[in-house]
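Asker: My questions all concern the structure below.
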Amino acid sequence: MLKKPPHLPRAAAALVPLLALGLTACGTQSGNGSGAGDGSASVRPDVPVTGVHWTVESVTVDGKKTAAPAGAHVEIDPKGQAKGNFGCNHFNARAAVEGDTITLSDTGMTEMGCPEPLQGFEDALKSALTGKLKARLTDGELTLTTTDGDSIRLSEQPPAPLVGTKWTVNSLVSGQAATSLPAGTEGKASFVFGKDGSVRGNLGCNRFSAPVTTDGSTLTFGRVTSTRKLCPGPAMELERALLETMKGKVTYKIDHRSLTVTAPGGTGFAAGAEGAE
5 MLKKPPHLPR AAAALVPLLA LGLTACGTQS GNGSGAGDGS ASVRPDVPVT
55 GVHWTVESVT VDGKKTAAPA GAHVEIDPKG QAKGNFGCNH FNARAAVEGD
105 TITLSDTGMT EMGCPEPLQG FEDALKSALT GKLKARLTDG ELTLTTTDGD
155 SIRLSEQPPA PLVGTKWTVN SLVSGQAATS LPAGTEGKAS FVFGKDGSVR
205 GNLGCNRFSA PVTTDGSTLT FGRVTSTRKL CPGPAMELER ALLETMKGKV
255 TYKIDHRSLT VTAPGGTGFA AGAEGAE
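Residue numbering for the sequence shown follows my numbering, starting at 5 and increasing by one per position.
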């Protein structure tokens, strides 16, 4: 249990439990993340971001700002391990923290092929999210700045609930492997689970709806009904994959703002939370 150091001003004393944790972020629970340093030139505390899942909003490299796709995020745990998603591929790295400086090194990542514009964003974020980064927290927004002046803007977001969230499909799943969506279908397929026991959305071309029940970590889909519009080859390929998964009982898992739905045979899809409807 941390004790308040003597002679600390009241506002600074309130930050002591957070400062001892340093610049860290972890897990699936949203921390308060707010109320960080007041910008004073005389006292600069560590940036208190422990327990926060940081969603990447944009990255600026060589003066060019690029908006982030759904699912790009960063987490750093108290043991010095960072993990997240570059916008397409998942990554992990070592994270050394000192004051308001974090140093990322030894980055490893999955090797899923990423179409444009995801590949361009991923390359920019990967370039910026390495080496020494200065951190600044203002009103729930975190900015990481490299020694070259490139920057990453992130925001604190709470975990996404299954019901009421707009989920956008971002990859297909087979066993433990994830593959990119058919070319040209990125961002096309999305759906929302309703409070009335239904799921509605778009399969990548045709709109659909179906009854669905939830029991623990399982979903049971009823008969799917959809429009019958003719679609290009890649869109139909994605549509068939999603419909194949939405047959009867499947398992699902939510990791903060990422949803994975898996059929009994091990195939399925992953989706990222875009917001509540």
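Beta carbons are placed, not taken as given, at the ideal position from N, Cα and C, and that holds for glycine.
For a quick check, are the C-beta atoms of S62 and R140 less than 9 Å apart?
Answerer: Here residue 62 is taken as the residue at index 58 of the sequence shown, counted from 1. Here residue 140 is taken as the residue at index 136 of the sequence shown, counted from 1. No; because the gap between Cβ atoms is not below 9 Å, this pair is not in contact.
Asker: Taking one C-beta from the segment 204-214 and one from the segment 152-166 each time, how about it: are there three or more such pairs within less than 8 Å?
Answerer: Touching, no.
Asker: Measure how close the beta-carbons of T271 and E248 come, nearest whole angstrom, since I'm counting them as under 8 Å.
Answerer: If you number the sequence shown from 1, residue 271 lands on position 267. If you number the sequence shown from 1, residue 248 lands on position 244. Contact flag correct, Cβ pair sits at about 7 Å.
Asker: How would you call G252, buried or exposed, if buried means at least 16 neighbouring beta carbons within 10 angstroms?
Answerer: The residue labelled residue 252 in the question sits at position 248 within the sequence shown. Under this definition G252 is an exposed residue.
Asker: Can you give me the Cβ contacts of N229 inside the same chain, cut-off strictly under 8 Å, excluding the 5 residues immediately before and after it?
Answerer: Position 225 of the sequence shown, counted from the start, is the residue given in the question as residue 229. A small fix is needed here, since residue 229 is Thr in this sequence, not Asn. Closer than 8 Å at the Cβ level, and outside the excluded window around T229, lie F212, S213, A214.
Asker: For A267, tell me which candidate among P186, G179, A187 has the shortest Cα-Cα distance.
Answerer: Here the question's residue 267 lines up with position 263 in the sequence shown. Residue G179 is the option with its Cα nearest to A267.
Asker: What is the DSSP secondary structure of M116, counted as helix, strand or coil?
Answerer: As a working note, residue 116 is residue 112 in the sequence shown. In this structure, M116 counts as coil in the three-state DSSP scheme.
Asker: Can you list, in chain order, the residues of its chain with a C-beta nearer than 6 Å to that of T283? Leave out the 5 residues immediately preceding and following it.
Answerer: Lying before the first or after the last residue shown, residue 283 is absent from the chain, which here runs from 5 to 281.
Asker: Do you know offhand how far A4's Cα is from V78's?
Answerer: In the structure as shown, the chain starts at 5 and stops at 281, and residue 4 therefore has no counterpart that could be examined.
Asker: Give the range of the alpha helix (DSSP H) segment to which T224 is assigned.
Answerer: For the purposes of this step, residue 224 is identified with residue 220 of the sequence shown, where counting begins at 1. Run containing T224: none in the alpha helix (DSSP H); it sits in the beta strand (DSSP E), 222-225.
Asker: Just grab the DSSP bridge partners of Q215 for me.
Answerer: As a position in the sequence shown, residue 215 is number 211, starting the count at 1. Position check: residue 215 holds Pro in this sequence, whereas Gln was assumed. In DSSP, P215 forms a bridge with S202.
Asker: Using the beta-carbon count (16 or more within 10 Å), is R261 buried or exposed?
Answerer: Numbered from its first residue, the sequence shown carries residue 261 at position 257. It is buried - the Cβ of R261 has at least 16 other Cβ atoms within 10 Å.
Asker: For T4 and S202, I'd like the C-alpha separation in whole angstroms.
Answerer: An answer regarding residue 4 cannot be provided, because it is not within the stretch 5 to 281 covered by the chain.
Asker: Is it right to say G168 is buried, meaning 16 or more other beta carbons lie within 10 angstroms of its own, or is it exposed?
Answerer: Translated into the one-based positions of the sequence shown, residue 168 becomes position 164. Classification of G168: exposed, given that the 10 Å Cβ count is below 16.
Asker: Ignoring anything shorter than 4 residues or poking outside the segment 53-80, list the alpha helix (DSSP H) runs there in chain order.
Answerer: Within the segment 53-80, no complete alpha helix (DSSP H) run reaches 4 residues.
Asker: So what's T151 in DSSP terms, helix, strand or just coil?
Answerer: In the sequence shown, the residue the question calls residue 151 occupies position 147. Coil, per DSSP.
Asker: Going by DSSP, what residue range makes up the beta strand (DSSP E) through Q85?
Answerer: Walking along the sequence shown from the start, residue 85 turns up at place 81. Taken as a continuous stretch (DSSP letters only), the beta strand (DSSP E) holding Q85 covers 85-89.
Asker: On the DSSP bridge list, what partners appear for F195?
Answerer: The residue given as residue 195 occupies position 191 in the sequence shown. Paired residue(s): W171, G205.
Asker: Mind checking who G269 pairs with in its DSSP beta bridge?
Answerer: Along the sequence shown, one-based indexing puts residue 269 at 265. DSSP, once it has assigned bridges, lists no residue as partnering G269.
Asker: Alpha carbons only, please: which of G144, Y256, K83 is nearest the one belonging to G220?
Answerer: For the purposes of this step, residue 220 is taken as the residue at position 216 of the sequence shown. Of G144, Y256, K83, the residue nearest in Cα terms is Y256.
Asker: Keeping to the same chain, check which residues put their C-beta closer than 7 Å to that of T183; ignore five residues upstream and five downstream.
Answerer: Translated into positions along the sequence shown, residue 183 becomes position 179. These residues qualify, in order along the chain: M116, S175, L176.
Asker: Do A275 and F195 have their C-beta atoms within less than 9 Å of each other?
Answerer: Residue mapping note: residue 275 aligns to position 271 of the sequence shown, counting from 1. Residue mapping note: residue 195 aligns to position 191 of the sequence shown, counting from 1. Contact flag set, yes.
Asker: Can you look up S184 in the DSSP assignment and give me helix, strand or coil?
Answerer: Translated into positions along the sequence shown, residue 184 becomes position 180. The answer is coil: DSSP assigns S184 none of H, G, I, E or B.
Asker: Measuring alpha carbon to alpha carbon, tell me which of A99, K136, E120, K87 ends up nearest P73.
Answerer: Locating residue 73 in the sequence shown gives position 69, counting from the first residue. Checked all of A99, K136, E120, K87; the closest Cα to P73 is E120.
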